[in-house]
Amino acid sequence: MNKTLRSLFNAQQSGLILVILLLGTILTIFAGSHVDRLTGHTVNNFLNSHTLMQTATDASFFAIMAIGATLVIISGGVDLSVGSTYALAGVTMAMVLRDSTWSSPATVATGLTLSLGIGLACGLINGAMVVGLRVHPFIITLGTMWVFRGIAFVSSKAESILVPTALTDVVKAQFGGSSALYPVPMLVMLAMTALGAMYLTKMVPGRHIYAVGGNVEASRYSGLRIGRILIGVYALSGLAAGIAAFVGTSYYGSASCADATGYELYVIASAVVGGASLSGGKCSAISAMLGAILIVLIRQSIRTLHFDTNYESIIIGCAIIIAVVLDQLSARLTTQRLTNAK
Amino acid sequence: MKLRTVLLVVAALLSGGATQQQTIKIAMIAKSSTNPVFLAARTGAEAAAKELSQKLGVNIIIDWRTPPTEDGQVQAQRIAQAVNEGADAILISCSDAGKVTGAINDAVARGVAVMTFDSDAPQSKRFAYYGVDDVEVGQQVMHELATQLGFKGKVAILAGNQNAPNLRKRAEGVKKEAAKYQPSTPDLAAKNPGIQIVGTFYHAETPQDGAAEVLRVMNAYPDINGWAMVGAWPLFTKTLLTDLDPNKVKVVAVDALPAELPYVQKGIAPVLLAQPTYKWGYVSVEKIVDKLHFKKDVPAINKMELVRVTKENLGAWARQLKDWGFTDVPDEYLKLP
Chain E
1 MNKTLRSLFN
11 AQQSGLILVI
21 LLLGTILTIF
31 AGSHVDRLTG
41 HTVNNFLNSH
51 TLMQTATDAS
61 FFAIMAIGAT
71 LVIISGGVDL
81 SVGSTYALAG
91 VTMAMVLRDS
101 TWSSPATVAT
111 GLTLSLGIGL
121 ACGLINGAMV
131 VGLRVHPFII
141 TLGTMWVFRG
151 IAFVSSKAES
161 ILVPTALTDV
171 VKAQFGGSSA
181 LYPVPMLVML
191 AMTALGAMYL
201 TKMVPGRHIY
211 AVGGNVEASR
221 YSGLRIGRIL
231 IGVYALSGLA
241 AGIAAFVGTS
251 YYGSASCADA
261 TGYELYVIAS
271 AVVGGASLSG
281 GKCSAISAML
291 GAILIVLIRQ
301 SIRTLHFDTN
311 YESIIIGCAI
321 IIAVVLDQLS
331 ARLTTQRLTN
341 AK
Chain G
1 MKLRTVLLVV
11 AALLSGGATQ
21 QQTIKIAMIA
31 KSSTNPVFLA
41 ARTGAEAAAK
51 ELSQKLGVNI
61 IIDWRTPPTE
71 DGQVQAQRIA
81 QAVNEGADAI
91 LISCSDAGKV
101 TGAINDAVAR
111 GVAVMTFDSD
121 APQSKRFAYY
131 GVDDVEVGQQ
141 VMHELATQLG
151 FKGKVAILAG
161 NQNAPNLRKR
171 AEGVKKEAAK
181 YQPSTPDLAA
191 KNPGIQIVGT
201 FYHAETPQDG
211 AAEVLRVMNA
221 YPDINGWAMV
231 GAWPLFTKTL
241 LTDLDPNKVK
251 VVAVDALPAE
261 LPYVQKGIAP
271 VLLAQPTYKW
281 GYVSVEKIVD
291 KLHFKKDVPA
301 INKMELVRVT
311 KENLGAWARQ
321 LKDWGFTDVP
331 DEYLKLP
């Protein structure tokens, strides 16, 4: 039992979980309460099923993309095009399905295939260009960020396109829960996190990503096929953006070329707050998800505690810097403690 | 004696707490908190809330939840947050009607009244909309511009955010009206080419982006005679005061805020079609109170009329803006007759 607890609290994520719990407690205490219009019960403004589910839902779109982007960051790269990939995948899906008269299962299957397919294709293009052209991924994905969004703009003629209700019905399924509680985005986020964690820790290709990010030359001399690994991580990042696009577009019921504008920064911030090192070799899927939840929780707290929302970007920016500085401080202290122990 | 006084005060306070005043909490979600027209709407909403609170003995609170930049998805999230935190009503200008319709319907299902202003979500279950008829606004802009140009010339349309349904409708209105001033046969066109639209140009809805787009287009099409601006973003900067020649180019734009008044004075924008944006907030709060407090039936569409601002009524308009709480109205315009 002690060993389990120790391993839990020694884990990279324990600090993030503590911060999330602490923030949640503060919000619960200071949020105030209101009388629910339908039930007549007094409910806490933060600690209620709707707010918690909403927070998880808001985090899920970032978190799903952040899990994919984390693979890229672990490999030592960066993917700035995830927001644009999201927009292109969502717009393509909505345009194809706009006038469809297919049955609901066929509509959902086609939507999913299109969204994931476009995401995967965008990721493969990024990966192939990073490896083939030997240009820094920052430059390549900066370029494709504009290209993908531009294609979405031209093809959609800048319209906001409604998606069939079959898609919204799936992503807003309630499973018999109370009104306006939609757990599907959160469940997809948890499933993606579990898959990402398993891939990175239990599977050989996942461990190869850490190896490449930790020391690319050593990996090359060890016989790893660096190009293939890098194309793979960008493809997975694109695929994750495609999944997020399917969930997000279906949840909100429409797609436009302006969707997810600026989200790439939130996605990278989620990974960084989760402990990712931009020089590669560090971070995990669970940490990226927790990072996304923490960022959304900070945004939520600004509103729940009635702070001036104009300060949102200042607060989030400071929180990211503090999180990274604390993480580095903790890493330094751990190294020092290990050195002293020797 | 002292103890008795204290007990009386405590009892009075407690009884005050027991008979709580009715509260109407209105979450206001405009498109962008950096756009001055929405700040005027907020001022109007807060003024109406204050006046009606005093008049009716009801505590009306405006809970400003506008995102810093336009994002329909963030607006949908903020609707849900407002409902979760006990808002009685939501007042929203939709950045992307498709994105917020689901959230509006969820809010209504949970007993929250939703009203739209400026930019509607007509497919949603909102109980009312207050704003202009956007196609008519576009037509009015083109009609004024065509009149200024003598019904001939090359015109560009500045259309802001391509995803905002209201702006798209205004641009449609501009084109619809321009079609009236185009000759029906090649022979007539040879004599008088009428009004020709060179293109519709979109940009991020910030003053700098708007001004930069105008200058880029002017460089690409130096023969442009007029700009039909369905929003007046570039006129919030001073750039075009020097970069546009009023003898060559005329601008007609929607909105007439303090920063834009020099354009009227200098003749670059001989006509501005002002939306009394203060009223977006003021009238909408009145409508919400009518529905929630007085249980009145509010019409689904409440049309707002534009105010035509020219050199002739510049002083009166400037004073109106000051009365609505604008602090940056230049004194020189306030002194005009």
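Chains as they are written, first to last, in this note's numbering: chain E, 1 to 342; chain G, 1 to 337. Heads up, the beta-carbon is just placed ideally off N, CA and C, and yes, glycines get one too. Bear in mind the structure is a predicted one, so any value in this text is a computation, not a measurement.
query: CB-CB length for Ser-399 (chain E) against Asp-243 (chain G), believed under 8 Å; result: This structure cannot settle anything about residue 399 (chain E), because the visible part of chain E is limited to 1 through 342.
query: Lys-303 (chain G) CB to nearest heavy atom of the ligand GTP below 7 Å; result: For the ligand GTP, the structure offers nothing, since it holds no ligand at all.
query: Same chain, Cβ closer than 8 Å to Ile-140 (chain E), neighbours up to 5 away in sequence not counted; result: Asn-126, Met-129, Val-130, Leu-133
query: The stretch 235-255 of chain G in contact with the stretch 286-294 of chain G per 3-pair CB rule at 8 Å; result: no
query: Neighbour flag for His-34 (chain E) against chain G, beta carbons, 8 Å; result: yes
query: Own chain partners of Ala-107 (chain G) with C-beta closer than 7 Å, once the 5 adjacent residues on each side are dropped; result: Ile-79, Val-83, Ile-90, Val-114
query: Neighbour flag for Asp-106 (chain G) against chain E, beta carbons, 8 Å; result: yes
query: Straight-line gap, Asn-59 (chain G) to Gly-86 (chain G) (C-alpha atoms, nearest Å); result: 14 Å
query: Rounded C-alpha distance that separates Ala-285 (chain E) from Tyr-86 (chain E); result: 19 Å
query: Leu-96 (chain G) at chain E interface by Cβ criterion, 8 Å; result: The amino acid at residue 96 (chain G) is misidentified as Leu; the sequence shows Asp. Yes, its Cβ sits closer than 8 Å to a Cβ of chain E.
query: Any chain G beta carbon closer than 8 Å to Ile-20 (chain E); result: no
query: For Lys-296 (chain G), three-class secondary structure by DSSP; result: coil
query: Within 8 Å, strictly: CB atoms of Gly-253 (chain E) and Val-163 (chain E); result: yes
query: Opposing strand residues paired with Trp-227 (chain G) [DSSP bridges]; result: G:Ala-156, G:Val-251
query: Contact set for Ala-146 (chain G): own chain, Cβ-Cβ below 6 Å, skip 5 residues either direction; result: Tyr-181, Ile-195
query: Within 8 Å, strictly: CB atoms of Trp-233 (chain G) and Glu-205 (chain G); result: yes
query: Contact set between His-41 (chain E) and chain G, taken where Cβ atoms lie within less than 7 Å; result: None at all; the shortest Cβ gap to chain G is about 12 Å.
query: Spatial distance of Asp-362 (chain E) from Val-296 (chain E) (CA atoms); result: Residue 362 (chain E) lies beyond the residue range present for chain E, which begins at 1 and ends at 342; the question has no answer from this structure.
query: Secondary structure of Arg-308 (chain G), DSSP reduced to three states; result: strand
query: For Tyr-221 (chain E), the three-state DSSP class (helix, strand or coil); result: helix
query: Where Trp-324 (chain G) sits in the DSSP three-state scheme; result: coil
query: Neighbouring residues, chain G, relative to Gln-54 (chain E) (Cβ below 8 Å); result: Gln-77, Ala-80, Gln-81, Asn-84
query: Of the residues E:Gly-76, E:Ile-64, E:Gly-262, the one placed nearest Ser-212 (chain E), counting alpha carbons only; result: Correcting the residue type first, residue 212 (chain E) is Val in the shown sequence and not Ser. Minimum Cα distance to Val-212 (chain E) is reached at E:Gly-76.
query: Pick from G:Glu-312, G:Lys-176, G:Ile-24, G:Ala-40 that is closest to Arg-37 (chain E), judged by C-alpha positions; result: G:Ile-24
query: At least 3 beta-carbon pairs within less than 8 Å: the stretch 41-54 of chain E vs the stretch 197-207 of chain E; result: no
query: Cβ contact check for the stretch 217-226 of chain E and the stretch 165-177 of chain E: 3 or more pairs under 8 Å; result: no
query: C-alpha gap between Gly-242 (chain E) and Ser-33 (chain E), whole angstroms; result: 38 Å
query: Rounded Cβ spacing between Leu-306 (chain G) and Gln-265 (chain G) (contact assumed at less than 8 Å); result: Rounded, the Cβ-Cβ distance is 20 Å, inconsistent with contact.
query: Simplified DSSP state of Gly-194 (chain G), which is helix, strand or coil; result: coil
query: Nearest candidate by alpha-carbon position, reference Ile-62 (chain G), set G:Leu-272, G:Asp-323, G:Ile-288, G:Trp-317; result: G:Ile-288
query: In DSSP terms, what Asn-44 (chain E) is bridged to; result: E:Ser-33
query: Buried or exposed by the 16-neighbour rule on C-beta atoms within 10 Å, applied to Asn-340 (chain E); result: exposed
query: Other residues of its chain near Val-329 (chain G): CB distance less than 6 Å, five sequence neighbours each side excluded; result: Pro-258, Ala-318, Leu-321, Lys-322
query: Cys-283 (chain E) beta carbon less than 8 Å from that of Ile-74 (chain E); result: yes
query: Validate contact between the stretch 47-57 of chain G and the stretch 65-81 of chain G using beta carbons, cut 8 Å, 3 pairs; result: no
query: Beta-carbon gap between Gly-131 (chain G) and Asp-120 (chain G) smaller than 8 Å; result: yes
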